[in-house]
Amino acid sequence: MMLIYEERAPDAYFSRFILRLIGRETCDSLPLRLAVSMAARSAASGDVCFDLASIQETMVEYQGNRIAMPSMRALRSLLYDSGAAVAPGATGPLVLDEKGRLYLYRYWKLEHDLAARLLKMAGHRAPETAASDALSSLRTMGELEAGGMQERAVIAALTGKLTIIAGGPGTGKTATVGRILSILRQQEGGRKKRIALCAPTGKAAARLQSSLKAMSGEAGAVSTIHRLLGTIQGSTRFRHNARNPLPLDILVVDEVSMIALPLMAALVSAMRPEASLILLGDQYQLASVESGAVLGDICSAAAREPDSPMGASVITLDKSYRFSGESALGRLSMAVNAGNAASALALLMDISVSGISLLPVPGEMAFREELKECIVEGYRPYLEAETPAGALRHFEGFRILAALREGPGVTGVMKLNRLVEEILLQAGLIDPVEDFYPGRPVMLSANDYSLNLFNGDTGIVVEDALHPGRMRVAFMRADGSLRTIAPERLPSHETAYAMTIHKSQGSEFDHVLMILPEAGSPLLTRELLYTGITRARALLEVRGEASVFEEAVKKTTIRLSGLCDILHGV
Numbered sequence: 001m002m003l004i005y006e007e008r009a010p011d012a013y014f015s016r017f018i019l020r021l022i023g024r025e026t027c028d029s030l031p032l033r034l035a036v037s038m039a040a041r042s043a044a045s046g047d048v049c050f051d052l053a054s055i056q057e058t059m060v061e062y063q064g065n066r067i068a069m070p071s072m073r074a075l076r077s078l079l080y081d082s083g084a085a086v087a088p089g090a091t092g093p094l095v096l097d098e099k100g101r102l103y104l105y106r107y108w109k110l111e112h113d114l115a116a117r118l119l120k121m122a123g124h125r126a127p128e129t130a131a132s133d134a135l136s137s138l139r140t141m142g143e144l145e146a147g148g149m150q151e152r153a154v155i156a157a158l159t160g161k162l163t164i165i166a167g168g169p170g171t172g173k174t175a176t177v178g179r180i181l182s183i184l185r186q187q188e189g190g191r192k193k194r195i196a197l198c199a200p201t202g203k204a205a206a207r208l209q210s211s212l213k214a215m216s217g218e219a220g221a222v223s224t225i226h227r228l229l230g231t232i233q234g235s236t237r238f239r240h241n242a243r244n245p246l247p248l249d250i251l252v253v254d255e256v257s258m259i260a261l262p263l264m265a266a267l268v269s270a271m272r273p274e275a276s277l278i279l280l281g282d283q284y285q286l287a288s289v290e291s292g293a294v295l296g297d298i299c300s301a302a303a304r305e306p307d308s309p310m311g312a313s314v315i316t317l318d319k320s321y322r323f324s325g326e327s328a329l330g331r332l333s334m335a336v337n338a339g340n341a342a343s344a345l346a347l348l349m350d351i352s353v354s355g356i357s358l359l360p361v362p363g364e365m366a367f368r369e370e371l372k373e374c375i376v377e378g379y380r381p382y383l384e385a386e387t388p389a390g391a392l393r394h395f396e397g398f399r400i401l402a403a404l405r406e407g408p409g410v411t412g413v414m415k416l417n418r419l420v421e422e423i424l425l426q427a428g429l430i431d432p433v434e435d436f437y438p439g440r441p442v443m444l445s446a447n448d449y450s451l452n453l454f455n456g457d458t459g460i461v462v463e464d465a466l467h468p469g470r471m472r473v474a475f476m477r478a479d480g481s482l483r484t485i486a487p488e489r490l491p492s493h494e495t496a497y498a499m500t501i502h503k504s505q506g507s508e509f510d511h512v513l514m515i516l517p518e519a520g521s522p523l524l525t526r527e528l529l530y531t532g533i534t535r536a537r538a539l540l541e542v543r544g545e546a547s548v549f550e551e552a553v554k555k556t557t558i559r560l561s562g563l564c565d566i567l568h569g570v
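Residue numbers 1 to 570, in UniProt numbering, belong to the letters of the sequence shown in order.
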């Protein structure tokens with residue numbers, strides 16, 4: 001078997017640094033250097049660890065040379081004897097466990113500590129009778145189906161310190177947590193409980209707060225995780241940690257699938273030992289852009305042993321209230337999630353099924369003609385809105401989503417944004433004579449903790465009401481209020497008529513136009529399609545080849561980690 005390894009500069013630097021650290025800088029063992037370099041590459045690619053078995057007895061082509069990698073036993077000895085790696089529990093540059101998982105020490109420590117804290121929390125559970133009075137009250141009001149999954153989620157949250165409520169869009173995760181919070185506030189001393197709600201992005205936080213307020217008229221403040229933990233300018237650390245825990249009794253976290261291992265570990269370590277944690281998310285969505293797939297690992301561990309404390313902590317809601325059994329969007333998302341490419345394609349290509357469609361991606365000239373009406377009518381409401389708040393609300397009605405940031409033809413976000421600007425200019429809806437023109441949507445691609453602006457936040461350029469001719473960028477706060485920022489103060493950002501499916505997580509739009517690349521891509525997977533499809537509330541138009549769609553449905557994302565095994569106790 002031949003493996004071609006194209007080493008990145010950061011991985012080469014890291015491997016040389018480790019060899020120098022352990023006094024082996026003059027070592028001529030390329031297998032050792034490659035193993036260290038590959039571990040660094042895996043961490044940068046989203047994996048928590050590197051599978052050392054994947055290179056045992058393999059021929060690696062590297063910088064024009066062919067290197068014969070030794071057996072697993074020899075690789076272990078090479079790493080241990082050199083001091084590059086240590087066994088779990090010891091301290092060293094890398095950690096190599098008994099299953100052949102090679103970690104950068106930091107990631108092993110994060111994973112180990114997170115698993116230990118989650119298992120300890122899952123082990124605290126009171127008898128279900130403690131929730132009986134509250135449940136009777138909800139049943140009497142008709143708010144809970146006796147024996148249903150939402151009732152099980154309420155019981156879990158009222159009796160335990162760790163509750164994970166998983167489920168697809170529209171399955172009632174937010175409604176369930178709203179009922180849980182209502183019960184907790186009504187209990188004796190409940191009004192004195194310190195409750196906080198948070199989400200990974202400002203947009204997700206705003207949507208959670210809006211949903212809870214619409215249901216009960218009472219939501220409380222919802223913040224981003226970074227703001228809750230207290231960012232320290234110029235540092236990756238937070239003000240709240242194990243030594244200075246969050247002053248909370250209950251913490252609710254939404255959109256957990258988006259949270260990477262380091263941030264989840266920081267959040268859980270900042271919890272007081274007596275506090276309760278409620279996590280909400282869809283385990284089938286894309287994993288975090290950064291390392292790990294924490295929610296997926298937790299749910300997988302629970303599925304392996306449903307009767308374990310971790311299994312009892314995970315409740316999966318499977319009844320959709322957004323999509324009926326006959327809903328095309330609901331049926332399509334389920335088919336994709338199940339990996340049933342034939343059924344998904346049959347739905348998309350059946351002209352008698354309304355609300356979803358699949359057509360080829362047009363060329364650049366044809367794009368302007370075929371999609372002009374869709375784009376103009378999709379964006380007209382927000383561009384003609386009378387107020388900035390109205391513009392931000394209407395902007396959530398339609399969005400173009402793409403699999404790739406840069407792709408061939410018109411399939412990449414960068415090209416799509418330029419084409420949309422041209423179409424809207426021709427329609428007289430925008431006048432992009434300056435970089436910051438009225439109506440331009442911008443999405444942040446970096447955090448600015450001093451401004452409480454975060455990667456993924458979306459704003460719209462508006463004219464300054466107090467200074468005609470000057471521009472401001474309007475953003476919606478989590479509580480629904482508006483704030484405006486001078487354009488020159490914005491962190492790194494880009495135009496956002498079109499956005500990647502990755503960036504769309506935590507958002508929902510009435511109408512989605514999803515653009516697929518002309519050929520398969522390593523990024524185009526089942527999870528990516530499922531995430532894109534479930535961003536649509538009512539209408540989904542997919543532009544792409546049937547063969548590309550089918551290939552993506554059959555390909556799943558695999559994030560290497562040991563979290564599932566640790567939580568499962570193996």
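Where is the CB? At the ideal position from N, CA and C, for every residue including glycine. Note that this is a predicted model, so its numbers are computed, not measured.
* Asked: Since N65 is in the beta strand (DSSP E), which residue starts that stretch and which ends it?
  -> N65 to A68
* Asked: Which value, in whole angstroms, describes the spacing of the CA atoms of N244 and A270?
  -> 7 Å
* To do: Check whether the Cβ atoms of I250 and L184 sit closer than 9 Å, and answer yes or no.
  => yes
* Hey, quick one: how far does the alpha helix (DSSP H) through Y62 stretch, first residue to last? -> Y62 -> not in any alpha helix (DSSP H); beta strand (DSSP E) instead, spanning M59 to Y62.
* To do: Might you give, ordered along the chain, the residues of its own chain that have their beta carbon closer than 6 Å to the beta carbon of R66, omitting 5 neighbours on each side?
  => These residues qualify, in order along the chain: M59.
* Can you name the residues that DSSP bridges to P441? -> The partner list for P441 (beta bridge, DSSP) reads I460.
* Which partner residues of C198 appear in the DSSP bridge assignment? -> S223 and V253
* Drop a sphere of 10 angstroms on the beta-carbon of T231, count the other beta-carbons inside from all chains shown, and report buried for 16 or more, exposed for fewer. => buried
* To do: Could you check which residue in G520, A303, M334 and E508 has the C-alpha nearest to that of E545?
  => Ranking G520, A303, M334 and E508 by Cα distance to E545 puts G520 first.
* How would you call H467, buried or exposed, if buried means at least 16 neighbouring beta carbons within 10 angstroms? -> The residue in question, H467, is exposed, as its Cβ has fewer than 16 Cβ neighbours within 10 Å.
* C-alpha gap between T236 and L416, whole angstroms -> 34 Å
* **Same chain, Cβ closer than 6 Å to L424, five either side skipped, listed in chain order** => I430
* To do: Check each candidate in P262, S504, L228 and G339 and name the one with the smallest Cα separation from Y449.
  => For Y449, the nearest C-alpha among the options comes from L228.
* Asked: DSSP three-state call for residue 574: helix, strand or coil?
  -> Look at the range of the chain in this structure, 1 to 570, and you will see that residue 574 is not part of it.
* Asked: Any chance the segment 12–23 sits against the segment 518–538, with 3 or more Cβ pairs inside 8 Å?
  -> no
* Asked: Shortest alpha-carbon distance to A122 belongs to which of I315, A205 and S54?
  -> I315
* Asked: Which residues mark the beginning and the end of the alpha helix (DSSP H) in which D431 is found?
  -> Looking at the DSSP string, D431 is not in any alpha helix (DSSP H), and its letter there is neither H nor E.
* **Spatially closest choice to E255 from R207, A242 and A84, by CA coordinates** => R207
* To do: Return the first residue and the last residue of the beta strand (DSSP E) that G167 is part of.
  => Annotation: the continuous beta strand (DSSP E) that includes G167 extends over L162 to G167.
* Give the DSSP-derived three-state secondary structure of S352 in the structure shown. => coil
* **Whole-angstrom distance between L3 and A312, CA atom to CA atom** => For A312 and L3, the distance between alpha carbons rounds to 42 Å.
* Asked: Roughly how many whole angstroms lie between the Cα atoms of G562 and E527?
  -> 20 Å
* Asked: Are the segment 49–58 and the segment 96–108 touching by the rule of at least three beta carbon pairs closer than 8 Å?
  -> yes
* **Nearest neighbour of L453, chosen from M471, R477 and P441 [CA to CA]** => Across the set M471, R477 and P441, the C-alpha of R477 shows the shortest separation from the C-alpha of L453.
* Inter-residue spacing [alpha-carbon to alpha-carbon] between A389 and T224 -> Distance between the alpha carbons of A389 and T224 is about 20 Å.
* **Exposure of E541, with buried meaning 16 or more beta-carbon neighbours within 10 Å** => buried
* To do: Report yes if the CB atom of G363 is closer than 9 Å to the CB atom of Y382, and no otherwise.
  => no
* Confirm, please, whether the CB-CB distance from T500 to V420 is below 9 Å. => no
* **First through last residue of the alpha helix (DSSP H) which encompasses I232** => Here I232 belongs to no alpha helix (DSSP H), and DSSP marks it neither H nor E.
* Relative to the ligand MN, is the shortest distance from any of its heavy atoms to the C-beta of V336 smaller than 8 Å? -> The ligand MN is not part of this structure, which contains no ligands at all.
* **Exposed unless 16 or more other CB atoms sit within 10 angstroms - verdict on T91** => By the 10 Å Cβ count, T91 comes out exposed.
* To the nearest angstrom, report how far apart M334 and S327 are at their CA atoms. => 11 Å
* Please classify Y321: is it buried, with 16 or more other beta-carbons within 10 angstroms of its beta-carbon, or exposed? => exposed
* Cβ of H112 less than 9 Å from any chain D Cβ? -> Absent here is chain D; the protein component of the structure consists of one chain.
* Asked: What are the partner residues of H493, as DSSP defines its beta bridges?
  -> H493 is bridged to L444.
* Asked: Is it buried or exposed for M365, if we count other Cβ within 10 angstroms and need 16 for buried?
  -> exposed
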